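So the structure is just underneath, and the comments pick up after that.
Protein chains: 2
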Amino acid sequence: MASETAATSQRRRPAEDMLAELKARLREIADLRAANAVLSWDQATFMPEGGAAARGRQMAMLSRLAHERSVAPDIGRLIDTLTPYSESLPPASDDARLIRVARRDFEKAIKVPADYVARASAHAAASYQEWTRARPANDFKSMVPYLEKTLDLSREYSQFFAPYAHIADPHIDDADEGMNAASVSKLFGELKRGLRPLVDAICDQPEADDSCLRREFAKPRQLEFARRAAEEIGYDFQRGRLDLTHHPFCTRFSAGDVRITTRVNDHDLGDALFSTLHESGHAMYEQGIDPALAGSPLGHGVSAGVHESQSRLWENVVARSRGFWEYFYPLLQRAFVDELAGVPLETFHRAINKVARSLIRTDADEVTYNLHITLRFDLEVRMLEGRLAVKDLAEAWRAAMQADLRVTPPDDRDGCLQDVHWYSGAIGGAFHSYTIGNILAAQFYAAALKAHPEISGEIPRGAFATLHDWLRENIYRHGSKFPPNELVARATGAAMSMEPYLQYLREKYGALYKLPAMVN
Amino acid sequence: MASETAATSQRRRPAEDMLAELKARLREIADLRAANAVLSWDQATFMPEGGAAARGRQMAMLSRLAHERSVAPDIGRLIDTLTPYSESLPPASDDARLIRVARRDFEKAIKVPADYVARASAHAAASYQEWTRARPANDFKSMVPYLEKTLDLSREYSQFFAPYAHIADPHIDDADEGMNAASVSKLFGELKRGLRPLVDAICDQPEADDSCLRREFAKPRQLEFARRAAEEIGYDFQRGRLDLTHHPFCTRFSAGDVRITTRVNDHDLGDALFSTLHESGHAMYEQGIDPALAGSPLGHGVSAGVHESQSRLWENVVARSRGFWEYFYPLLQRAFVDELAGVPLETFHRAINKVARSLIRTDADEVTYNLHITLRFDLEVRMLEGRLAVKDLAEAWRAAMQADLRVTPPDDRDGCLQDVHWYSGAIGGAFHSYTIGNILAAQFYAAALKAHPEISGEIPRGAFATLHDWLRENIYRHGSKFPPNELVARATGAAMSMEPYLQYLREKYGALYKLPAMVN
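Respectively, the protein sequence lines represent chains S and L. For reference, each letter of the first sequence is one residue, going 17 to 536 in my numbering. For reference, each letter of the second sequence is one residue, going 17 to 536 in my numbering.
Take a look at the structure:
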């Protein structure tokens with residue numbers, strides 16, 4: 017027996033050594049990416065303008081070093097050798113899952129040739145540069161050749177992953193593993209069928225008055241309030257910080273350093289507040305990942321859709337709820353006595369949930385927002401399929417806006433030029449995750465409420481720990497250990513489903529807009 | 017003739033290609049170091065405490081990558097092959113000098129084994145950690161074994177560069193190429209002989225009253241004033257920024273991004289102001305380097321001593337002069353009406369130039385400061401030579417302080433434990449550059465005045481461009497192209513010399529302290 021144990025130990029020892037080596041290699045890649053993220057954060061927050069040229073070069077170099085390491089053949093050999101070992105481990109163990117994710121990342125990475133990465137990234141930079149000029153100039157025509165090349169590159173990218181059922185599938189899978197054009201289209205069809213009557217019913221009512229949000233609000237006090245709200249819902253400033261940038265974002269340098277940024281608008285009380293809470297949701301996810309997964313491919317949020325679900329859950333489901341403001345509104349009134357003392361909670365709550373058909377995705381309310389997304393997804397798919405030519409995009413955009421939102425953009429600036437995504441990246445997987453996030457946010461929240469019905473009584477008292485703990489336990493801590501579908505099933509006991517989201521919207525907006533047919 | 021030209025071109029073409037390759041390789045090393053500098057700056061300025069552990073690992077990795085590249089054998093082969101080519105170039109051309117400096121850097125780097133670098137850096141980190149505890153606890157004894165190991169490592173380091181005339185020479189040459197223990201000792205002997213009667217004469221006079229600097233000064237206004245002064249002397253905020261840190265420093269990420277930090281003390285008006293101007297001097301040097309040298313080994317300041325000369329020139333020679341305050345004092349009084357309205361310029365100027373024998377180097381005035389440095393240099397040399405045992409350092413420190421400064425530290429905290437240098441690095445080249453900087457500052461300033469006598473009339477009008485331009489033209493723009501001794505000779509027409517510094521001190525302090533024997 018003793019000799020058998022020794023033999024077993026000898027046979028297994030190398031696998032454990034190799035696993036340690038694989039982890040060290042992957043951690044080095046993660047550290048290179050984290051270093052690059054620091055440079056990128058600094059570029060967006062504090063870098064003087066003179067630093068731009070060298071910074072671009074330095075970031076490109078760190079990207080290249082990380083990429084080279086991520087496709088190194090000996091990483092592949094380590095993963096191959098470790099695969100039988102991983103099959104001998106408990107299927108839900110961290111190590112088994114780490115080897116699975118490392119294999120998936122490696123196999124994806126090696127399919128994309130280095131020269132493609134360089135071409136695509138150079139084109140994205142040039143296209144973005146041109147877009148920053150073309151959008152304010154309302155000049156879609158000059159973007160057409162750029163977007164045509166982006167479309168070519170997006171198709172070329174898909175080819176690396178052939179065969180596929182649909183040409184958008186590789187792009188969708190990059191953002192949200194396990195989803196594809198068919199499943200997203202099915203979900204979005206169902207969503208549109210559910211949303212249309214709701215939007216119609218709301219828009220038949222008198223428009224909500226949100227003028228109480230449009231007064232002049234001193235920026236430092238806005239920022240201080242947003243910071244306090246972020247801290248109270250559970251964003252840990254010992255392991256993070258809040259700065260100002262043009263576009264709000266969340267970035268992770270390590271488990272102990274997950275930063276967020278926001279922006280402040282003198283005449284829009286919602287901007288800083290909801291941006292901050294949105295980014296706090298992303299950050300709480302990253303801060304809540306099991307420290308044992310740090311520096312491994314499991315040590316970050318699992319997909320764009322699940323990540324977005326966490327930002328939307330806190331921004332919309334929690335922070336636009338009546339209960340949330342029962343606690344926070346007196347504090348907000350104290351911070352802005354002159355501006356809000358005479359504004360009842362009711363009025364404020366209706367203002368932050370005002371629904372209106374509008375032109376700009378990022379300004380859209382919680383309900384119509386999704387119509388902006390389904391529209392973009394549909395156009396992406398048609399362009400990839402070759403059913404819509406880039407030169408016809410502006411016209412197709414106007415038609416779709418009229419059909420889905422009953423508004424027509426007066427120009428392309430606030431039409432098909434409004435979002436940076438297509439003009440700085442690829443076509444095919446740029447937008448759908450936002451709505452996946454909305455859908456999952458409602459499903460996760462419903463599951464948390466089912467497990468802890470006391471949550472809805474706690475929020476009006478400013479107590480967020482029960483909800484935060486449930487999210488940490490069921491979602492955050494797992495990082496990328498479980499693929500999105502498995503994570504959803506484990507956390508909610510069911511596959512991803514539209515019903516909780518439609519029910520959430522119907523109940524909330526039925527009550528807010530007093531829509532009798534919707535309330536029950 | 018045509019075929020000869022072609023042949024020449026063919027023979028020379030590979031050298032130019034190889035030079036381009038060498039430059040690209042060196043730029044990648046510079047970019048890795050710059051990326052690491054961003055991480056280090058962030059660590060000192062904005063990083064939340066939770067980020068510390070991963071940040072240390074990420075920085076160590078970037079250091080290792082830069083070091084591996086800097087000792088790669090093919091860099092050595094490129095330099096070897098290019099050396100005959102460099103000899104065919106004009107001796108003062110950028111390319112000839114670049115190849116020379118690349119060779120010097122490479123030959124130094126390959127002499128130090130990687131395992132030594134790892135051991136020394138691990139020991140430095142451990143020793144620093146212990147020092148942060150031991151200094152406030154006044155516990156020199158616990159530092160003895162750390163310092164003994166530091167001394168062993170410092171000796172081991174020197175051995176890599178054997179043969180040498182003196183065991184401190186390799187350390188001194190690292191900081192200040194072309195200097196050695198003999199030349200520093202000679203300079204410092206001369207300096208002490210010149211300083212002693214000056215310090216005695218000053219200290220025989222009534223002590224200057226600096227209570228006007230010790231009132232309560234609001235931090236934001238201090239910072240605003242320091243920022244304005246930095247901008248007016250010529251620090252370019254389009255290519256830099258000012259932040260707060262525990263210890264002020266200057267760091268360079270690229271030609272367009274050279275940042276400084278400062279600290280602010282409620283009860284010491286000089287702290288933020290002179291720290292900021294000191295770091296601005298370092299930064300203006302880096303900002304003034306010819307952009308053509310960026311990313312090459314010529315693209316930064318040439319030596320510790322020359323760098324320090326630029327910070328000291330602005331901090332002391334300019335910003336503690338009477339003329340400087342003729343312009344700035346009314347502005348300072350306007351910023352601090354309650355605190356300074358009744359304080360005459362005369363009183364303020366004497367306060368910022370108060371000379372007194374004291375315990376702490378970093379608090380010392382311009383005159384006695386150098387005695388703190390010569391004392392440390394002497395102790396370093398004696399330890400390296402084996403004439404002073406580490407365990408006897410505290411006692412030797414007290415004896416030297418009594419002999420040179422006529423004060424005796426009441427404890428080791430404010431004695432031999434006061435400076436971080438020996439406890440976080442090597443022994444042998446830690447301090448001398450500060451005084452080299454003082455000496456060169458006076459010599460450079462005298463040369464600038466000789467070329468542009470109008471400078472002394474411009475400063476009281478707040479006009480710094482003539483001086484700044486002279487420094488840029490004669491020092492800054494060259495980066496590391498000329499070794500320090502050659503740079504000094506080119507800029508001042510003479511070898512480095514003590515006389516301008518002693519003359520500067522005698523004139524300034526003779527006038528301030530009304531010392532008749534010194535004035536003429």
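Glycine residues also receive a C-beta, built at the ideal position from the N, C-alpha and C atoms. Nothing here was measured: the structure is a model prediction, and the numbers come from that model.
Exercise. From the DSSP output, read off the bridge partner residues of L207(S).
Key: Under DSSP, L207(S) takes part in no beta bridge, so it has no partner.
Quiz item: If you compare alpha carbons, which of D408(L), F265(L) and W330(L) is closest to I276(L)?
Solution: Of the residues D408(L), F265(L) and W330(L), the one whose Cα lies closest to the Cα of I276(L) is F265(L).
Quiz prompt | Same chain, Cβ closer than 6 Å to A191(S), five either side skipped, listed in chain order | solution = A320, G445 and S449
Quiz item: DSSP three-state call for C432(S): helix, strand or coil?
Solution: coil
Quiz item: With DSSP run on the structure shown, which of helix, strand or coil describes T482(S)?
Solution: Reduced to three states, the DSSP call for T482(S) is helix.
Quiz prompt | R171(S) versus R328(S): straight-line alpha-carbon distance, rounded | solution = R328(S) has its alpha-carbon roughly 31 Å from the corresponding atom of R171(S).
Quiz item: In three-state DSSP terms, what is N281(L)?
Solution: Three-state result, N281(L): strand.
Self-check item: Straight-line gap, I45(S) to G311(L) (C-alpha atoms, nearest Å)
Solution: 24 Å
Quiz prompt | DSSP three-state assignment for S312(S), whether helix, strand or coil | solution = DSSP places S312(S) in coil when its eight states are reduced to three.
Quiz item: Considering S319(L), what are the terminal residues of the beta strand (DSSP E) in which it resides?
Solution: Neither: S319(L) is in no beta strand (DSSP E) and is coded neither H nor E.
Quiz item: Taking only beta-carbon atoms, is D90(L) less than 8 Å away from chain S?
Solution: no
Quiz item: Cβ of H283(S) within 8 Å of Cβ of E232(S)?
Solution: For H283(S) and E232(S), yes; Cβs fall inside 8 Å.
Quiz prompt | Short CB-CB distance (under 8 Å) between T21(L) and chain S | solution = The pLDDT assigned to T21(L) is 47, lower than 50, so where the model puts this residue is not dependable, and the model offers no usable value.
Self-check item: Terminal residues of the beta strand (DSSP E) in which F269(L) lies
Solution: C266 to S270
Quiz item: How about L518(S): is its C-beta nearer than 8 Å to some C-beta of chain L?
Solution: no
Quiz item: What residues from the region 91-103 of chain L come within 9 Å of chain S, judged by C-beta to C-beta, listed N to C?
Solution: Per Cβ criterion, the list is empty.
Quiz item: Among S291(S), F253(S) and V215(S), which one has its Cα closest to the Cα of Q238(S)?
Solution: S291(S)
Exercise. Counting only the same chain and skipping the five closest in sequence on each side, list residues whose C-beta sits under 7 Å from that of A299(L).
Key: Y251, G256, C266, V274 and I276
Quiz prompt | Cross-chain neighbours of P500(L) in chain S, by beta carbon under 8 Å | solution = Residues of chain S passing the Cβ test: none, with the nearest at roughly 26 Å.
Quiz item: Name the chain S residues whose beta carbon is nearer than 7 Å to that of G67(L)?
Solution: At a beta-carbon threshold of 7 Å, the residues of chain S lying near G67(L) are F269, S270, G272 and D273, ordered along the chain.
Exercise. Take the Cβ of K524(S) as the centre, count every other Cβ of all protein chains shown within 10 Å, and call the residue buried at 16 or more, exposed below.
Key: buried
Quiz item: Around the C-beta of V397(L), are 16 or more other C-beta atoms found within 10 angstroms, so that it is buried, or is it exposed?
Solution: buried
Practice problem: Would you tell me roughly how many angstroms separate the C-alpha atoms of E302(L) and N386(S), rounded to the nearest one? | Solution: 51 Å
Quiz item: Nearest chain S C-beta to M63(L) closer than 8 Å, yes or no?
Solution: yes
Exercise. Answer yes or no: do I455(L) and M512(L) have a C-beta to C-beta separation smaller than 8 Å?
Key: yes
Self-check item: Cβ-based neighbour list, K165(S), same chain, cut-off 8 Å, excluding 5 preceding and 5 following
Solution: H139 and S143
Self-check item: Distance between L391(L) and P261(S) (C-alpha atoms, nearest Å)
Solution: Here residue 261(S) is Thr; the residue named in the question, Pro, does not match the sequence. Whole-angstrom Cα-Cα distance: 49 Å.
Quiz item: Looking only at its own chain, which residues have a Cβ that is under 6 Å from the Cβ of V160(L), when we skip the five neighbours before and after it?
Solution: V406 and K407
Quiz item: Alpha carbon to alpha carbon, how far is K124(S) from R493(S)?
Solution: Near 25 Å, if we compare the C-alpha coordinates of R493(S) and K124(S).
Quiz prompt | Residue closest to Q308(S), alpha-carbon to alpha-carbon, out of L48(S), V280(S), D485(S) and G272(S) | solution = Note that residue 308(S) corresponds to Ala in the displayed sequence, not to Gln. When each option's Cα is compared against that of A308(S), the closest is G272(S).
Quiz prompt | Which of helix, strand or coil DSSP assigns to R171(S) | solution = Residue state, collapsed to three classes: helix.
Quiz item: Cβ of R244(S) less than 8 Å from any chain L Cβ?
Solution: Output row for R244(S): interface = no.
Quiz prompt | Limits of the unbroken beta strand (DSSP E) element including D259(L) | solution = L258 to L260
Quiz item: Within 10 angstroms of its Cβ, does Y104(S) collect 16 or more other Cβ (buried), or is it exposed?
Solution: It is Ser, not Tyr, that sits at residue 104(S) in the sequence shown. By the 10 Å Cβ count, S104(S) comes out exposed.
Quiz prompt | Environment of R350(L) [buried if 16+ CB atoms lie within 10 Å] | solution = exposed
Quiz item: Do we get a CB-CB distance below 8 Å when we pair L258(L) with the residues of chain S?
Solution: no
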